[in-house]
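Asker: There's a structure below that I have some questions on.
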Amino acid sequence: MKRGNGRRWFRPVCLSIVLMLLCFGLAAAQTKISIGTGGTGGVYYPYGGTMAEIITKFVPGVQATAEVTAASVENVRLVAAKKVELGLAMNDTVYQAYVGEGKFKDAKLDCLRTVFQTYPHSYHVITLAKYPIYRIADIKGKRVSVGAPGSGTELKTSLVLPVLGITYNDIKVYRLSFEETARALKDGVIEVGIWSVAPPTSSVIDLATTHDIRIIPFTEEEVEKVQKAYPYYVRTVIPKGTYRGQKEDVLTLGVWTSVVCHKDLPEDLVYKITKAIFEHRDMLIQTHAIAQYTTPENSAKLSPIPIHPGALRYYKELGLVK
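Here is the structure:
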């Protein structure tokens, strides 16, 4: 009798243990993906957060997380070191890292591959309206935030300004994040702040809400001069009304952003991620309207370096590449 009672409680307990072990095993088997984004005051972080949401929801067995980073330069290095699986980076950074130019001349990152193209960035050179700074040349002798260390903004600034006859010796250099740059302009610590970001961006919106700003335009000649030196930059315009008080279109430079991964990331995983992103890109557009440019067509034709085989398989299925 006692033995029978023992069997009655023993079987449910065993079943519970088996179920717990199964659940634990499934959780342990889940693939975790980290996405290198940027600071919280730019577009990379919310965009990457929505990427993580799409991947977690629509790629079975994968849990993705968006990580705050210093953005482009740091992201390609993190991907190359396999510290994150995916990273957002501007294409000037991606190209230089892959071929070993500029900041990467001593450490070529030819292990990088692109997954897809996101959207074009616009180069914002911003001052307060009270300062007599109207042209790019006027920033000589001024206190300038050139972008955070390890960011694509800082890399671009280090390339663009010398082409236009301005070196870091000609300005007082501050290396600040987007949020820090906005705050430093408000507080009078700097006179010029630089952002390379998709417009509109939250830190500039916040700045323009409380202060009258001026976005300093490039001339056509300046754009052509930079393009001749660095062909991956494109002519672009920040449309009037993008920020409070902006009454005219502003001519500036643009550059696309890639999502990059390591060449060793499994092909099937990259294929599933690529497919999920494009099948649910409406979620990205809800996060930021600039994601309307996140298309398979743009991704298949605008990559500055080789595309990962998993992503390439998806573009081939759509007939976009041979």
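For the working numbering, count along the sequence shown from 1 and bump the result up by 16. Backbone N, C-alpha and C define an ideal beta-carbon position, used for all residues, glycine too.
Assuming the contact rule is C-beta atoms closer than 8 Å, V51 and E90 should be a hit. Round their C-beta distance to whole Å, please.
Answerer: Along the sequence shown, read from residue 1 onward, the residue named residue 51 stands at position 35. Along the sequence shown, read from residue 1 onward, the residue named residue 90 stands at position 74. One detail in the question is off: residue 51 reads as Ile in this sequence, not Val. 13 Å between Cβ atoms; not a contact.
Asker: Following the continuous alpha helix (DSSP H) through I221, name the residue where it begins and the one where it ends.
Answerer: For the purposes of this step, residue 221 is taken as the residue at position 205 of the sequence shown. 218–226 is the span of the alpha helix (DSSP H), which, as asked, contains I221.
Asker: Out of curiosity, what's the CA-to-CA distance linking P136 and G77?
Answerer: Here residue 136 refers to the residue found at position 120 when the sequence shown is read from its first residue. Here residue 77 refers to the residue found at position 61 when the sequence shown is read from its first residue. Rounded to whole angstroms, P136 to G77 spans 32 Å at the Cα level.
Asker: Mind checking whether Y190 and R159 have CB atoms under 8 Å apart?
Answerer: Looking up residue 190 in the sequence shown gives position 174. Looking up residue 159 in the sequence shown gives position 143. Result yes, Cβ atoms of Y190 and R159 sit closer than 8 Å.
Asker: Determine contact between the region 309–321 and the region 103–113, defined as no fewer than three beta-carbon pairs at a distance below 8 Å.
Answerer: Verdict: yes, contact present.
Asker: Assuming the contact rule is C-beta atoms closer than 8 Å, P62 and T303 should be a hit. Round their C-beta distance to whole Å, please.
Answerer: Here residue 62 is taken as the residue at index 46 of the sequence shown, counted from 1. Here residue 303 is taken as the residue at index 287 of the sequence shown, counted from 1. With a Cβ gap of about 5 Å, P62 and T303 count as contacting.
Asker: So, is A80 buried or exposed, given that buried needs 16 or more other C-beta atoms within 10 angstroms?
Answerer: Here residue 80 refers to the residue found at position 64 of the sequence shown. With 16 or more other Cβ atoms within 10 Å, it is buried.
Asker: For C277, which residues does DSSP report across the bridge?
Answerer: On the sequence shown, residue 277 is found 261 positions in, with the first residue counted as 1. Looking at the DSSP assignment, C277 forms a beta bridge with L102, R129.
Asker: So what does DSSP say about T268, is it helix, strand or coil?
Answerer: Position 252 of the sequence shown holds residue 268. The answer is strand: DSSP assigns T268 an E or B state.
Asker: In three-state DSSP terms, what is P136?
Answerer: The count along the sequence shown starts at 1 and reaches residue 136 at position 120. It is a strand residue.
Asker: With distances taken between CB atoms, is the gap from S138 to G335 smaller than 8 Å?
Answerer: Numbered from its first residue, the sequence shown carries residue 138 at position 122. Numbered from its first residue, the sequence shown carries residue 335 at position 319. Going by C-beta atoms, S138 is not nearer than 8 Å to G335.
Asker: Relative to the C-alpha of G65, which residue among L328, I231, V179, L102 is closest?
Answerer: For the purposes of this step, residue 65 is taken as the residue at position 49 of the sequence shown. Of L328, I231, V179, L102, the residue nearest in Cα terms is L102.
Asker: Taking only the alpha-carbon atoms, compute the straight-line gap between G257 and Y249 and give it to the nearest angstrom.
Answerer: If you number the sequence shown from 1, residue 257 lands on position 241. If you number the sequence shown from 1, residue 249 lands on position 233. About 24 Å.
Asker: For the putative contact between S167 and S88, defined by C-beta atoms under 8 Å, what is the C-beta separation to the nearest angstrom?
Answerer: One-based indexing of the sequence shown puts residue 167 at position 151. One-based indexing of the sequence shown puts residue 88 at position 72. Right, the Cβ-Cβ distance comes to about 6 Å (below 8 Å), so this counts as a contact.
Asker: Around the C-beta of K288, are 16 or more other C-beta atoms found within 10 angstroms, so that it is buried, or is it exposed?
Answerer: Sequence index remark: in the sequence shown, residue 288 carries index 272 (1-based). Buried: at least 16 other Cβ atoms inside 10 Å.
Asker: Contact between the region 283–300 and the region 228–246: three or more CB pairs below 8 Å?
Answerer: Output reads no: the region 228–246 does not touch the region 283–300.
Asker: Could you give the DSSP three-state label for Y190: helix, strand or coil?
Answerer: Here residue 190 refers to the residue found at position 174 when the sequence shown is read from its first residue. Note: Y190 maps to strand in three-state DSSP.
Asker: Spatial neighbours of I206 within its chain, please: C-beta separation below 6 Å, excluding the five flanking residues on both sides.
Answerer: Walking along the sequence shown from the start, residue 206 turns up at place 190. Same-chain partners within the cutoff: R159, S161, Y190, A200.
Asker: How would you write the range of the alpha helix (DSSP H) that R329 sits in, first residue to last?
Answerer: In the sequence shown, the residue the question calls residue 329 occupies position 313. Looking at the DSSP string, the run of the alpha helix (DSSP H) that includes R329 is 325–333.
Asker: What separation, rounded to the nearest whole angstrom, lies between the Cα atoms of Q46 and E69?
Answerer: Mapped onto the sequence shown, residue 46 falls at position 30. Mapped onto the sequence shown, residue 69 falls at position 53. Distance between the alpha carbons of Q46 and E69 is about 15 Å.
Asker: Can you list, in chain order, the residues of its chain with a C-beta nearer than 7 Å to that of K263? Leave out the 5 residues immediately preceding and following it.
Answerer: Here residue 263 refers to the residue found at position 247 of the sequence shown. Cβ within range, chain order: K256.
Asker: Could you compute how far the alpha carbon of A327 sits from the alpha carbon of E313?
Answerer: Counting from 1 along the sequence shown, the entry for residue 327 is found at position 311. Counting from 1 along the sequence shown, the entry for residue 313 is found at position 297. Roughly 12 Å separates the two Cα atoms.
Asker: How long is the line joining the alpha carbons of D298 and R260, rounded to whole angstroms?
Answerer: Numbered from 1 along the sequence shown, position 282 holds the residue referred to as residue 298. Numbered from 1 along the sequence shown, position 244 holds the residue referred to as residue 260. Computed Cα separation, rounded: 27 Å.
Asker: Secondary structure at P255, three-state DSSP: helix, strand or coil?
Answerer: Taking the sequence shown and counting its residues from 1, the one referred to as residue 255 is at position 239. Coil at P255, not helix or strand.
Asker: If we count the other Cβ atoms within 10 Å of its Cβ and call it buried at 16 or more, is Q133 buried or exposed?
Answerer: Numbered from its first residue, the sequence shown carries residue 133 at position 117. So Q133 counts as buried.
Asker: Taking Cβ positions, are L223 and A198 nearer each other than 8 Å?
Answerer: Translated into positions along the sequence shown, residue 223 becomes position 207. Translated into positions along the sequence shown, residue 198 becomes position 182. Result yes, Cβ atoms of L223 and A198 sit closer than 8 Å.
Asker: What residue range is occupied by the uninterrupted beta strand (DSSP E) comprising V162?
Answerer: Counting from one through the sequence shown, the residue named residue 162 turns up at place 146. Looking at the DSSP string, V162 is not in any beta strand (DSSP E), and its letter there is neither H nor E.
Asker: Whose C-beta lies closer than 8 Å to the C-beta of I254 among residues of the same chain, with five residues either side of it excluded?
Answerer: Here the question's residue 254 lines up with position 238 in the sequence shown. Only S138, H140, P215, I231, Q262, D265, V266, T268 meet the Cβ criterion.
Asker: Does DSSP classify V84 as helix, strand or coil?
Answerer: Taking the first residue of the sequence shown as 1, we reach residue 84 at position 68. Three-state result, V84: coil.
Asker: I'd like to confirm the pairing. Which residues does DSSP put opposite V78 in its beta bridges?
Answerer: Here residue 78 refers to the residue found at position 62 when the sequence shown is read from its first residue. BP columns for V78 point to T47.
Asker: A307: which of G118, T273, T173 sits nearest, CA to CA?
Answerer: Here residue 307 refers to the residue found at position 291 of the sequence shown. For A307, the nearest C-alpha among the options comes from T273.
Asker: Can you look up R230 in the DSSP assignment and give me helix, strand or coil?
Answerer: Residue 230 sits at position 214 when you count from the first residue of the sequence shown. Three-state DSSP puts R230 in a strand.
Asker: Between which two residues does the alpha helix (DSSP H) harbouring V239 extend?
Answerer: Here residue 239 corresponds to residue number 223 of the sequence shown, with the count starting at 1. Here the alpha helix (DSSP H) through V239 covers 236–245.
Asker: Checking the sheet assignment: what are the DSSP bridge partners for S212?
Answerer: For the purposes of this step, residue 212 is taken as residue 196 along the sequence shown, with counting starting at 1. S212 is bridged to Y139.
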